[in-house]
Amino acid sequence: MKELFRSNDPVRMSAATSLLEGEGIMTFPMDQHMSVLEGSIGILPARLMVADRDEFIARAILRDNGLDE
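Residue numbers (the UniProt record's numbering): 1 to 69.
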């Protein structure tokens with residue numbers, strides 16, 4: 001598994017997930033429920049992961065759509 005990015009922005013996470021899954025790349029969002037442990041103040045960022053074999057194309061897709069960091 002490779003981490004594409006970390007973000008506290010749920011809109012960015014959702015957009016990236018939808019875009020990549022629309023291109024046939026399975027995504028694995030992690031840590032999105034950590035806010036329950038921290039009191040819902042949004043300090044801990046969620047991570048968006050993909051399989052090792054999909055990292056290169058996933059990064060290219062995000063970059064081409066302005067969702068890279």
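All C-beta atoms, glycine included, are put in the ideal place defined by N, C-alpha and C.
Between the alpha carbons of ASN8 and GLY22 lies a gap of roughly 22 Å. By the Cβ neighbour-count rule, VAL11 is exposed, with fewer than 16 other Cβ atoms within 10 Å of its own.
With contacts defined by Cβ atoms closer than 8 Å, LEU20 and MET34 do not form a contacting pair. SER18 is bridged by DSSP to nothing; it lacks a bridge partner.
Nearest in C-alpha terms to MET13, of all of PRO29, ILE57, ASP54 and ILE61, is PRO29. In this structure, the CA atom of GLN32 is about 24 Å from the CA atom of ALA60. It is roughly 11 Å from the alpha-carbon of LEU67 to the alpha-carbon of THR17.
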